[in-house]
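Undergrad:
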Amino acid sequence: MDNISSFSSFSLVALNGTSRSNRMTAFSFALPGYLVTIFVNSALICIIVLEKVLHKPMYIFLCNLSINGLYGATGFYPPLLYYLLNESNVISLKECAIQSFAIFTYAIGEFTNLCIMAFDRYLAICRPLYYHTVMTTITIWRLLTFIWMFPCCTAILIILMTLRFPICMNQINKLYCENWVLERLACRVDTIQFVVNGIFTCAINALVWFVFLSYVKILIACKHSAQSHKKFVTTCLPHLIAFLNYVVWSLFNTLYELFGTGSLPQSFKNFLSVSFLIIPPLVNPIIYGIILTPIRTKAKKIFQRYQLRNTRLSPEVICVVHNADPVNCRIASALDFMQEKLSTGTCPATLKVYVAAISACHTLIDRMPLGRHPLPSRFLRGARRRRPAVLSWAVHLVILEAFRPPPFTTSEQEKSYRLCPVRALQAYVHCTSQWRKSEQLFVCYGGGNRGAVATRQTMSHWVREAIDLAYEAPHLHNLRNIFKQGGVGILVPNVLSSAASTEAFEKECSRYLVP
């Protein structure tokens, strides 16, 4: 750096002619964009770090991708926000070199990370038997080290080679500093630097082609396997979208660097030059959060836990629509709230939770908590009569009643208790009676094993069909307890005998299990 000319600072001419109002407008978009980028990436990182089920190679590399996105956004946004607020376009040589290093390492780190993620998906789909042998903990750490060391070493080498030469100009037609800009401002570039840049460009192109070839092989493998096709849609599709998202915006920046866009408005040129810095870090976590089911499920659970805790800690949320203080509100306000919730479809069990939440912070009414007051208690009993809850049941009672007259005295009562598991079991027994080949309770109902003794795996697929037949509403009940507590491999008479016994049902059934 001792050989550099008298230019110790640079001017970002992309901001020249920008009025105060336009700067504030840009700032009002840039600051929320930066904050949202921090939020979505931090949320994804926290979900992956906190949930042990996501401690797998694919999610570890995804977490690293979000860390790199935060790193790149932090290298770009803070200086830009400073320039917009202070109406200053000047950046020192030292600051320019640091920002060039940050943006360079982010850009190359994004490529290497996406390349490793493509390799991971290639092994998982095309070479599943070798996946766990190759993707060991040591291999993951080595790949993570490569993702960070390759961009850092390359950036240090190229930037130091650029800074060897004097700087002849000090005007940068961009919103940030980068190495290619410094090369243009240098008085000359020698052959060694030209060769290094060529090797580096070839390496980046090789990474891009490696990703494309990996996904081509993955698509070919998916044609021959339905399971591989499903795995591609659920895991590879977000990676491919993220890769294309980054490549397209990087291509815009490259075309801007090579050919320029003198006839375009300055604001549009500025957007082209920063698109690869602002869009991928913002969009990638959203893509993965929407498409990847494990991340989406964990995010929902975390949000629900936070929402429940927030409701408990801030009971004002409950009565805010009634403009009432939940600590000192009248009993009439609480009843109005309960009626409103019931009218909008809230089930009695959920309504009881709301009452408990209000009772936790409410002052005593007639020397008793709100939940024990006769009026809310009477209201809840009426709500249960209006919308009957699911019957509490045990497996032995269900099996016993399934072979006896149903526990309904009138058709209206039968209609009210549509969720009764007895009806589901009756529907199953009636459906299988025509083709069952065994006296055992659970038999297969389709395929080559039709009528044969059912396994636990087969019965897990039967649940939904049985419920659909019983009360024409899918996903309303779960009969897995029947499977877990001795219903497999036991003859129907023995099941009835166990159900009618005063001993524990599991203990009685175990005597009849076929070894």
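Each residue of the sequence shown is one higher than the one before, starting from 5 at the first, in the working numbering.
By construction, the Cβ of each residue, glycine as well, lies at the ideal position given by its N, Cα and C atoms.
Nothing here was measured: the structure is a model prediction, and the numbers come from that model.
Would you check if the region 134-154 and the region 289-303 touch, i.e. whether three or more CB-CB distances between them fall below 8 Å?
TA: Counting Cβ pairs under 8 Å, fewer than three are found: no touch.
Undergrad: I'd like the span of the beta strand (DSSP E) that includes S13, first residue to last.
TA: Sequence index remark: in the sequence shown, residue 13 carries index 9 (1-based). Per DSSP, S13 belongs to the beta strand (DSSP E) from S13 to L16.
Undergrad: With three or more C-beta pairs closer than 8 Å as the rule, is the region 120-129 touching the region 155-165?
TA: The answer is no - the region 120-129 does not touch the region 155-165, with fewer than three Cβ pairs under 8 Å.
Undergrad: So if DSSP puts I162 in a beta bridge, which residue, or which two residues, is it bridged to?
TA: By one-based count along the sequence shown, residue 162 stands at place 158. Partner(s): none; I162 has no beta bridge.
Undergrad: Taking all protein chains shown into account, do 16 or more other C-beta atoms lie within 10 angstroms of the C-beta of E344, making it buried, or fewer, making it exposed?
TA: For this step, residue 344 is matched to residue 340 along the sequence shown. Exposed is the call here.
Undergrad: Measuring straight from C-alpha to C-alpha, what distance separates L97 and L217?
TA: Residue mapping note: residue 97 aligns to position 93 of the sequence shown, counting from 1. Residue mapping note: residue 217 aligns to position 213 of the sequence shown, counting from 1. The straight-line gap from Cα to Cα measures roughly 41 Å.
Undergrad: Can you check whether the C-beta of Y134 is within less than 7 Å of a C-beta belonging to chain C?
TA: Structure shown: chain C not included; a single protein chain is present.
Undergrad: With burial defined as no fewer than 16 other Cβ atoms inside 10 Å of the residue's Cβ, what is the status of V210: buried or exposed?
TA: If you number the sequence shown from 1, residue 210 lands on position 206. A small fix is needed here, since residue 210 is Ala in this sequence, not Val. Result: exposed.
Undergrad: Measuring alpha carbon to alpha carbon, tell me which of T116, P285, T41 and A303 ends up nearest C50.
TA: Residue 50 sits at position 46 when you count from the first residue of the sequence shown. Out of T116, P285, T41 and A303, A303 has the C-alpha closest to the C-alpha of C50.
Undergrad: In chain order, which continuous runs of the alpha helix (DSSP H) of length 4 or greater are located wholly inside the region 167-226?
TA: The qualifying runs are 183-189.
Undergrad: Please list the terminal residues of the continuous beta strand (DSSP E) segment that includes S96.
TA: On the sequence shown, residue 96 is found 92 positions in, with the first residue counted as 1. Taken as a continuous stretch (DSSP letters only), the beta strand (DSSP E) holding S96 covers V94 to S96.
Undergrad: For L74, which residues from the same chain have a beta carbon less than 6 Å from its beta carbon, with the 5 sequence-adjacent residues on both sides left out?
TA: Working through the sequence shown from its first residue, we reach residue 74 at position 70. N45.
Undergrad: Look at V359 and P380 and say whether their C-beta atoms are less than 7 Å apart.
TA: In the sequence shown, residue 359 corresponds to position 355, counting from 1. In the sequence shown, residue 380 corresponds to position 376, counting from 1. Cβ atoms of V359 and P380: closer than 7 Å.
Undergrad: According to DSSP, is M139 helix, strand or coil?
TA: Sequence index remark: in the sequence shown, residue 139 carries index 135 (1-based). Correct three-state label for M139: coil.
Undergrad: Quick test of the definition: if touching needs 3 or more C-beta pairs under 8 Å, does the region 32-45 touch the region 96-114?
TA: The region 32-45 vs the region 96-114: no contact.
Undergrad: Which two residues bound the contiguous alpha helix (DSSP H) that contains V53?
TA: Numbered from 1 along the sequence shown, position 49 holds the residue referred to as residue 53. Its alpha helix (DSSP H) spans residues R24 to L54.
Undergrad: I want to know whether the region 251-262 touches the region 271-281 - three or more CB-CB distances under 8 Å.
TA: Short answer: they touch.
Undergrad: Look at the alpha carbon of L89 and the alpha carbon of S15, and state the distance between them as a whole number of angstroms.
TA: Walking along the sequence shown from the start, residue 89 turns up at place 85. Walking along the sequence shown from the start, residue 15 turns up at place 11. Going from the Cα of L89 to the Cα of S15 covers about 16 Å.
Undergrad: Within the same chain, show all residues whose beta-carbon is closer than 6 Å to that of L69, passing over the 5 residues directly before and after it, in chain order.
TA: Here residue 69 corresponds to residue number 65 of the sequence shown, with the count starting at 1. Around L69: N117.
Undergrad: Would you call S363 buried or exposed, if buried means 16 or more other Cβ atoms sit within 10 Å of its Cβ?
TA: Within the sequence shown, numbered from 1, the residue matching residue 363 stands at position 359. Label assigned to S363: buried.
Undergrad: Return the chain-ordered list of same chain residues with a C-beta closer than 8 Å to the C-beta of I107, the five sequence neighbours on each side being excluded.
TA: The residue you call residue 107 lines up with position 103 of the sequence shown. Excluding sequence neighbours, I107 sits near G76, G79, F80, Y180, C181, E182 and L281.
Undergrad: Where does R146 fall in DSSP's three states?
TA: Taking the first residue of the sequence shown as position 1, residue 146 is located at position 142. Helix.
Undergrad: I'd like to know whether the C-beta atoms of I144 and P61 end up nearer to each other than 7 Å.
TA: Counted from its first residue, the sequence shown places residue 144 at position 140. Counted from its first residue, the sequence shown places residue 61 at position 57. Yes; because the gap between Cβ atoms is below 7 Å, this pair is in contact.
Undergrad: Among A353, Q175 and A207, which residue has its Cα nearest to the Cα of R188?
TA: Within the sequence shown, the letter at position 184 stands for residue 188. Among A353, Q175 and A207, the Cα nearest to that of R188 belongs to Q175.
Undergrad: Does the beta-carbon of S104 have 16 or more other beta-carbons within 10 angstroms, so that it is buried, or is it exposed?
TA: Start at 1 with the first residue of the sequence shown, and residue 104 comes out as number 100. With 16 or more Cβ atoms within 10 Å of its Cβ, S104 is classed as buried.
Undergrad: Look up H243 in the DSSP assignment and say whether it is helix, strand or coil.
TA: Walking along the sequence shown from the start, residue 243 turns up at place 239. Looking at H243 - three-state DSSP - the assignment turns out to be helix.
Undergrad: Near G37, what residues of its chain come up, given a Cβ to Cβ distance below 8 Å and the 5 sequence neighbours on each side ignored?
TA: What you label residue 37 is simply residue 33 of the sequence shown in a count that begins at 1. Excluding sequence neighbours, G37 sits near Y81, I282 and L286.
Undergrad: Are the CB atoms of C119 and V215 nearer to each other than 7 Å?
TA: Numbered from its first residue, the sequence shown carries residue 119 at position 115. Numbered from its first residue, the sequence shown carries residue 215 at position 211. A contact, by the Cβ cut-off of 7 Å.
Undergrad: So for E114, helix, strand or coil by DSSP?
TA: Locating residue 114 in the sequence shown gives position 110, where the first residue counts as 1. Of the three classes helix, strand and coil, the one that applies to E114 here is helix, per DSSP.
Undergrad: Compare the C-alpha of E114 against each of H243, R376 and L268 and name the closest.
TA: Within the sequence shown, the letter at position 110 stands for residue 114. Out of H243, R376 and L268, H243 has the C-alpha closest to the C-alpha of E114.
Undergrad: Quick one: residues in its chain with C-beta nearer than 8 Å to the C-beta of H136, no 5 flanking neighbours on either side, listed in chain order?
TA: Within the sequence shown, the letter at position 132 stands for residue 136. Around H136: no qualifying Cβ.
Undergrad: If you drop the 5 nearest sequence neighbours on each side, which residues of the same chain put their C-beta closer than 7 Å to that of R222?
TA: Position 218 of the sequence shown holds residue 222. Residue identity check: residue 222 is Ile in the sequence provided, not Arg. Cβ neighbours of I222 beyond the five flanking positions: R125, Y126, I129, C130, F236 and C240.
Undergrad: Between the C-alpha atoms of V57 and R300, what's the straight-line distance to the nearest angstrom?
TA: Indexing the sequence shown from 1 puts residue 57 at position 53. Indexing the sequence shown from 1 puts residue 300 at position 296. Cα to Cα, V57 sits roughly 13 Å from R300.
Undergrad: Are L48 and P289 close, meaning C-beta to C-beta below 7 Å?
TA: Locating residue 48 in the sequence shown gives position 44, counting from the first residue. Locating residue 289 in the sequence shown gives position 285, counting from the first residue. Yes, the pair counts as a contact, with Cβ atoms nearer than the cut-off.
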